[in-house]
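Residue 178 in my numbering is what sits at position 166 of the sequence shown, and the numbering runs on without skipping anything.
This report concerns only the one structure given below.
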Amino acid sequence: MSHYYLNDPNLKEKLMKINYQYQGEQLTFLTDAGVFSRQQIDFGTHVLLETIKERLDNQKNILDVGCGYGVIGLSIAKTHPDLVVTMVDVVTRAVELSQINAKQNGIVNVTIMESNLLANVLNSFDMIISNPPIRAGKKVVHAIVDQAYHKLHDGGKLLFVIQKKQGALSLKEKMETVFLNAEIINKKSGYLVLESEKMPKKTT
13 MSHYYLNDPN LKEKLMKINY QYQGEQLTFL TDAGVFSRQQ IDFGTHVLLE
63 TIKERLDNQK NILDVGCGYG VIGLSIAKTH PDLVVTMVDV VTRAVELSQI
113 NAKQNGIVNV TIMESNLLAN VLNSFDMIIS NPPIRAGKKV VHAIVDQAYH
163 KLHDGGKLLF VIQKKQGALS LKEKMETVFL NAEIINKKSG YLVLESEKMP
213 KKTT
């Protein structure tokens, strides 16, 4: 059995295309076996994109962690060409598909690379977003919180979308522990969007 958060060189190719509209822009995504939600856009992805669209105007650079075939990061980059979007995934095929999808949608303001969570990420960001790989386990998802804290500018935001039944409250507690704040900024059909802000350290 294949898992979307692991590389599997033995997977047979099962290419298909999905159309998606975001903020008036029509995008087409190529998907394949071995990537998350290959047959349709995940509802959590849609909820996250709808939640953050009003929060993007003052951002300069955004990181999408666990980008899959690129729906979140590329939708943001397409509709906000002034933003610089970085996208990472541990799965080689997901990264390849995101790169193909960026090209076929005419998106140039993106950097897409293979990375185990944020291990290969060198820059800092105004916003980090993720529809996390829940099936990889709580330890992996919570590690995103720890690593994201160190990659956010002061005042930067970390946002997750997660189903309540898949550990949303545990993730919120982890965010509160690391960031000293966390709130639920949207709820829809069992999905929660969680947000933490990196507060500037007080000087004595």
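Ideal Cβ positions, reconstructed from N, Cα and C, are used throughout, including at glycine.
Computed from a prediction, not measured in an experiment: that's the story for all the values here.
Reduced DSSP secondary structure (H/G/I, E/B, other) of residue i
| i | result |
| --- | --- |
| Tyr17 | Its pLDDT being 49, under 50, Tyr17 is placed unreliably by the model, and the measurement read from it follows with that caveat. Three-state result, Tyr17: coil. |
| Leu204 | strand |
| Tyr81 | coil |
| Tyr142 | Just to set this straight, residue 142 is Ser in the shown sequence, not Tyr. Ser142: strand per DSSP, three-state reduction. |
| Val153 | helix |
| Leu129 | coil |
| Asn198 | strand |
| Gln111 | helix |
| Gln175 | strand |
| Ile53 | coil |
| Ile119 | coil |
| Asp158 | helix |
| Lys186 | helix |
| Leu181 | helix |
| Lys26 | coil |
| Gln59 | Per the sequence shown, residue 59 should be read as Val rather than Gln. Three-state result, Val59: helix. |
| Lys90 | helix |
| Lys214 | coil |
Selection from the options that minimises the alpha carbon distance to residue i
| i | options | result |
| --- | --- | --- |
| His92 | Asn70, Ala148 and Ile146 | Asn70 |
| Glu108 | Lys72, Gly80, Val157 and Lys184 | Gly80 |
| Tyr32 | Gln52, Asp44, Lys26 and Val47 | Gln52 |
| Ala160 | Ala148, Ile174 and Pro144 | Pro144 |
| Met28 | Gly36, Gln38 and Asp44 | Asp44 |
| Phe41 | Leu60, Met211 and Ser110 | Ser110 |
| Tyr203 | Leu171, Val77, Thr189 and Asn193 | Leu171 |
| Asp101 | Asn121, Lys72 and Val47 | Val47 |
| Lys200 | Gln35, Ile30 and Gly56 | Gly56 |
| Asp138 | Glu62, Ile197 and His165 | His165 |
| Glu82 | Val152, Ile156 and Ser142 | According to the sequence shown, residue 82 is Gly rather than Glu. Comparing Cα-Cα distances from Gly82 to each of Val152, Ile156 and Ser142, the minimum goes to Ser142. |
| Asn286 | Leu75, Lys214 and Val205 | Because residue 286 is not part of the residues shown, which for the chain are 13 to 216, the question remains open. |
Residues sharing a beta bridge with residue i, DSSP
| i | result |
| --- | --- |
| Asp76 | Met99 and Ile141 |
| Tyr32 | Leu39 |
| Glu209 | Lys169 |
| Ile124 | Met99 |
| Leu164 | Phe137 |
Proximity test, residue i beta-carbon vs the ligand ADP heavy atom, cut-off 6 Å
| i | result |
| --- | --- |
| Asp166 | Judged by which ligands are present, the structure shown has none, so any question about the ligand ADP falls away. |
Query - Segment contact flag, the segment 127–134 with the segment 108–119, C-beta cutoff 8 Å, min 3 pairs - result: no
Query raised in the report: Three or more beta-carbon pairs under 8 Å between the segment 96–110 and the segment 174–184, yes or no?
Result: no
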